[in-house]
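K.L.:
To convert a position in the sequence shown, counted from 1, into the numbering used here, add 5.
Glycine included, every Cβ here is placed at the ideal spot set by N, Cα and C.
What you are looking at is a predicted structure, and each value in this text was computed from that prediction instead of being measured.
Starting off with a structure, shown below.
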Amino acid sequence: MSLTLSAEEQAIAAGRDGTGMAMRIVAESARLLDAPRLIPIASTHIDGALYHGDSGTLFAERLVEGGARVAVRSTLNVGALDLMGCSRIRLEEPQRGMARRMMEAYRKLGCEQSWTCAPYQAGHRPAQGSDVAWGESNAVVFCNSVLGARTNRYGDFLDIACAITGRAPDYGLHRPDNRRARLVFDVSGLSPSFLVSEIAWPVLGSLYGREVGNAVGVVTGVARHPGEDALKAFG
Numbered sequence: 006m007s008l009t010l011s012a013e014e015q016a017i018a019a020g021r022d023g024t025g026m027a028m029r030i031v032a033e034s035a036r037l038l039d040a041p042r043l044i045p046i047a048s049t050h051i052d053g054a055l056y057h058g059d060s061g062t063l064f065a066e067r068l069v070e071g072g073a074r075v076a077v078r079s080t081l082n083v084g085a086l087d088l089m090g091c092s093r094i095r096l097e098e099p100q101r102g103m104a105r106r107m108m109e110a111y112r113k114l115g116c117e118q119s120w121t122c123a124p125y126q127a128g129h130r131p132a133q134g135s136d137v138a139w140g141e142s143n144a145v146v147f148c149n150s151v152l153g154a155r156t157n158r159y160g161d162f163l164d165i166a167c168a169i170t171g172r173a174p175d176y177g178l179h180r181p182d183n184r185r186a187r188l189v190f191d192v193s194g195l196s197p198s199f200l201v202s203e204i205a206w207p208v209l210g211s212l213y214g215r216e217v218g219n220a221v222g223v224v225t226g227v228a229r230h231p232g233e234d235a236l237k238a239f240g
């Protein structure tokens, strides 16, 4: 299956600025994923602002230097520094300085400085059925399974490229056929007292992951809503 870009997308990709670079990253990713097109997205959650090496900082700064800005709402996952108490961070120079530069670059790109792994508990809750591009594993699970929005797990560099272009490859969990459950995970045989305990949903999530793997399943047999913290732990 070949990728088809719109005339606007082709024109953006031909640019030499930061937005052009982002569009080329998204388009090439779509080709590698065998996606037929790009789709508009409503928001992103960026996992790429955590310092793992100088390349991530230099990449973000290059986007800033190219004049790029996010085109959709974009919250940030955790960073490498606690900006309120960074004197306690065990990260020496020059790495500490590079980590701070990375966090500053994402701010300049227009990202919200949420610095959380759970943006859905900090006011970022995309509508059911909307396409988004989120990073952070637990957030991706919650977004798809609880909120009903549609996202794959977007990794570093691709996440911010999607944010800048406002587009994502049309593949995986963005496509309705791939969201249909293939199996049922029935917990009706478990005692109600266990299901309301603090250990229930982390344990069930671990079991579910081992049993289901990469397939899409549906959980049944839950008599009462376990609450969002439990669902977060399950994911």
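1. Give the secondary structure of residue 140 by DSSP, where H, G and I count as helix, E and B as strand, and everything else as coil.
2. Should residue 80 go down as buried or exposed, given a rule of 16 or more other Cβ atoms within 10 Å for buried?
3. If I measure Cβ to Cβ from residue 262 and keep anything under 6 angstroms in the same chain, skipping five residues before and after, which residues do I get?
4. To the nearest angstrom, how far is the alpha carbon of residue 98 from that of residue 161?
5. Report the residue from 100, 168, 139 whose alpha carbon sits nearest the alpha carbon of residue 178.
6. In three-state terms, what does DSSP make of residue 62?
7. Taking only the alpha-carbon atoms, compute the straight-line gap between residue 188 and residue 63 and give it to the nearest angstrom.
8. Taking the beta carbon of residue 215 as the centre, do at least 16 other beta carbons fall within 10 Å, making it buried, or is it exposed?
9. For a minimum of 3 consecutive residues, which ranges assigned as the beta strand (DSSP E) are wholly contained in the region 142-185?
10. Helix, strand or coil: how does DSSP classify residue 51 here?
11. Given a threshold of 16 other Cβ atoms within 10 Å of its Cβ, counted over all protein chains shown, does residue 124 qualify as buried or as exposed?
12. Can you tell me whether residue 12 is buried or exposed, with buried defined as 16 or more other CB within 10 angstroms of its CB?
13. If we call anything under 7 angstroms between Cβ atoms a contact, is residue 190 one with residue 159?
14. Sorted by chain position, which residues of the same chain lie with C-beta nearer than 6 angstroms to residue 222's C-beta, five sequence neighbours on each side aside?
15. CB-CB under 6 angstroms to residue 170, same chain, minus the five flanking residues each way: which ones, in chain order?
16. Within its chain, find whatever has a CB closer than 6 angstroms to the CB of residue 113; leave out the 5 residues flanking it on each side and keep chain order.
17. Alpha carbon to alpha carbon, how far is residue 45 from residue 194?
18. Here's a check: name, in chain order, each residue in its chain whose Cβ is nearer than 7 angstroms to the Cβ of residue 145, leaving out the five neighbours to either side.
19. Would residue 48 be called buried (16 or more neighbouring beta carbons within 10 Å of its own) or exposed?
20. I need the DSSP call for residue 43, collapsed to helix, strand or coil.
21. Assign residue 191 to one of three DSSP states: helix, strand, or coil.
22. Assuming contact is defined by CB atoms lying nearer than 7 angstroms, are residue 122 and residue 83 in contact in what I supplied?
P.N.:
To lay it out plainly:
1. Position 135 of the sequence shown, counted from the first residue, corresponds to residue 140. Three-state DSSP puts residue 140 in coil, outside helix and strand.
2. For the purposes of this step, residue 80 is taken as residue 75 along the sequence shown, with counting starting at 1. With 16 or more Cβ atoms within 10 Å of its Cβ, residue 80 is classed as buried.
3. No information on residue 262 is available, as it lies outside the stretch 6 to 240 that the chain covers here.
4. Along the sequence shown, one-based indexing puts residue 98 at 93. Along the sequence shown, one-based indexing puts residue 161 at 156. In a straight line, the C-alpha of residue 98 is about 23 angstroms away from that of residue 161.
5. Counting from one through the sequence shown, the residue named residue 178 turns up at place 173. Of the listed residues, the one whose Cα sits closest to residue 178 is 139.
6. For the purposes of this step, residue 62 is taken as residue 57 along the sequence shown, with counting starting at 1. DSSP places residue 62 in helix when its eight states are reduced to three.
7. Locating residue 188 in the sequence shown gives position 183, counting from the first residue. Locating residue 63 in the sequence shown gives position 58, counting from the first residue. Inter-residue distance for residue 188 and residue 63 is about 44 angstroms (C-alpha atoms, whole angstroms).
8. The residue labelled residue 215 in the question sits at position 210 within the sequence shown. Looking at its Cβ environment, which holds fewer than 16 other Cβ atoms inside 10 Å, residue 215 is exposed.
9. 172-174
10. Indexing the sequence shown from 1 puts residue 51 at position 46. Looking at residue 51 - three-state DSSP - the assignment turns out to be strand.
11. Numbered from 1 along the sequence shown, position 119 holds the residue referred to as residue 124. Residue 124 comes out buried.
12. If you number the sequence shown from 1, residue 12 lands on position 7. Residue 12 is exposed by the Cβ-count criterion.
13. As a working note, residue 190 is residue 185 in the sequence shown. As a working note, residue 159 is residue 154 in the sequence shown. Taking the C-beta atoms as reference points, residue 159 is found no nearer than 7 angstroms to residue 190.
14. For the purposes of this step, residue 222 is identified with residue 217 of the sequence shown, where counting begins at 1. So the list reads 186, 188, 190, once near-sequence residues are dropped.
15. By one-based count along the sequence shown, residue 170 stands at place 165. Only 27, 28, 31 meet the Cβ criterion.
16. The count along the sequence shown starts at 1 and reaches residue 113 at position 108. 69, listed in sequence order.
17. Walking along the sequence shown from the start, residue 45 turns up at place 40. Walking along the sequence shown from the start, residue 194 turns up at place 189. Distance between the alpha carbons of residue 45 and residue 194 is about 42 angstroms.
18. The count along the sequence shown starts at 1 and reaches residue 145 at position 140. Once the five neighbours on either side are set aside, the close Cβ partners of residue 145 are 139, 156, 158.
19. Start at 1 with the first residue of the sequence shown, and residue 48 comes out as number 43. So residue 48 ends up on the buried side.
20. On the sequence shown, residue 43 is found 38 positions in, with the first residue counted as 1. Strand at residue 43.
21. Sequence index remark: in the sequence shown, residue 191 carries index 186 (1-based). If DSSP states are grouped into helix, strand and coil, residue 191 belongs with the strands.
22. What you label residue 122 is simply residue 117 of the sequence shown in a count that begins at 1. What you label residue 83 is simply residue 78 of the sequence shown in a count that begins at 1. Contact flag set, yes.
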